[in-house]
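Converting from the sequence shown to the numbering used here requires adding 552 to each position, the first position being numbered 1. Contents: one structure, followed by commentary.
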Amino acid sequence: MNNIIKNIEDAQMKAEVPQFKVGDTVRVSAKIKEGNRERTQVFEGTVLKKQGSGVRATFTVRKISNGVGVEKTWPLHSPIVEKVEVVRLGKVRRAKLNYLRSRTGKAAKVKELVR
Numbered sequence: 553m554n555n556i557i558k559n560i561e562d563a564q565m566k567a568e569v570p571q572f573k574v575g576d577t578v579r580v581s582a583k584i585k586e587g588n589r590e591r592t593q594v595f596e597g598t599v600l601k602k603q604g605s606g607v608r609a610t611f612t613v614r615k616i617s618n619g620v621g622v623e624k625t626w627p628l629h630s631p632i633v634e635k636v637e638v639v640r641l642g643k644v645r646r647a648k649l650n651y652l653r654s655r656t657g658k659a660a661k662v663k664e665l666v667r
């Protein structure tokens, strides 16, 4: 039984997974279906957390839109997520950036990692 589930999950995984870390600013292009039309919508923000492994892996992105914090969580291997582009690298020392939820303005920024 376990092998059957593993084979199904392996078939659902993407071949190329985007490389990004927590704290990075990313631009997620997602397919939005409206009636019979389909379009691509871009969501740009800071990666708060990555969790799970395999086909169940998810990541959460947060942005401030009109003064209100908006968070979205996407499955990493979902066909809805077309691509994830890294806009800038973040320098953080934590795996989960939940403290950014209570901060506003410049305090909610993550330092940029200079390579």
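Glycine residues also receive a C-beta, built at the ideal position from the N, C-alpha and C atoms.
Here's a check: name, in chain order, each residue in its chain whose Cβ is nearer than 7 Å to the Cβ of residue i, leaving out the five neighbours to either side.
i	result
E561	G606, V607
A628	Note that residue 628 is Leu in the sequence shown, not Ala. Hits under 7 Å: V569, A609, T610, F611.
V636	P570, F572, V578, V580
Could you give the residue range of the alpha helix (DSSP H) that holds residue i?
i	result
K558	554 to 564
Mind checking which residues open and close the beta strand (DSSP E) that includes residue i?
i	result
V633	633 to 640
A582	577 to 586
Please state whether the Cβ-Cβ distance between residue i and residue j is less than 9 Å.
i	j	result
T598	L665	no
K663	K648	no
V620	F595	no
E634	A582	yes
V622	D576	no
According to DSSP, simplified to helix, strand and coil, what is residue i?
i	result
K658	helix
V607	helix
L600	strand
R591	strand
R667	coil
R653	helix
E568	coil
S630	coil
Leaving out the 5 sequence neighbours to the left and right, which residues in its chain are closer than 8 Å to residue i when beta-carbon positions are compared?
i	result
Q564	V607, H629
T592	S581, A582, K583, I584, E634
Please list, in chain order, all residues of the same chain as residue i whose beta carbon is under 6 Å from its beta carbon, the five residues on each side excluded.
i	result
G604	T610
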